[in-house]
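Peer 1:
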Amino acid sequence: MMKMKDEKGHNDKSDWKGLREIDRAISENRLTSYSWKKAWADPWGRVGFIAFAILLIAFIIYVVIYDLVL
3 MMKMKDEKGH
13 NDKSDWKGLR
23 EIDRAISENR
33 LTSYSWKKAW
43 ADPWGRVGFI
53 AFAILLIAFI
63 IYVVIYDLVL
């Protein structure tokens, strides 16, 4: 049987090593930062963020040109 280091002082058998970092992030109220970093580390997530930013900037430029120039 695998022994895990008990970081919280709990003696819980449902302590999963893969969820320990998420649990720590929630307890430290940094879940949003954790989510953004994980999404940015994912190649498809990074492409999605960049595509969204480009579309948002293009829309803002379109609105400014349409309202001020035309």
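For the sequence shown, my numbering begins at 3 and goes up steadily by one. Idealized CB from N, CA, C, for every residue including glycine. Please read all numbers here as calculations on a predicted model, not as lab measurements.
1. For residue 44, which three-state DSSP category applies?
2. Work out the CA separation of residue 31 and residue 37 for me, nearest whole Å.
3. Is the Cβ-Cβ distance between residue 33 and residue 27 less than 8 Å?
4. Pick helix, strand or coil for residue 70, following the three-state DSSP scheme.
5. Roughly how many angstroms separate the alpha carbons of residue 61 and residue 39, rounded to a whole number?
Peer 2: Reading from the atomic positions:
1. If DSSP states are grouped into helix, strand and coil, residue 44 belongs with coil.
2. So the two alpha carbons sit approximately 12 Å from each other.
3. Yes, these two residues count as a Cβ contact at 8 Å.
4. If DSSP states are grouped into helix, strand and coil, residue 70 belongs with the helices.
5. Using only the alpha carbons, I get a separation of about 26 Å.
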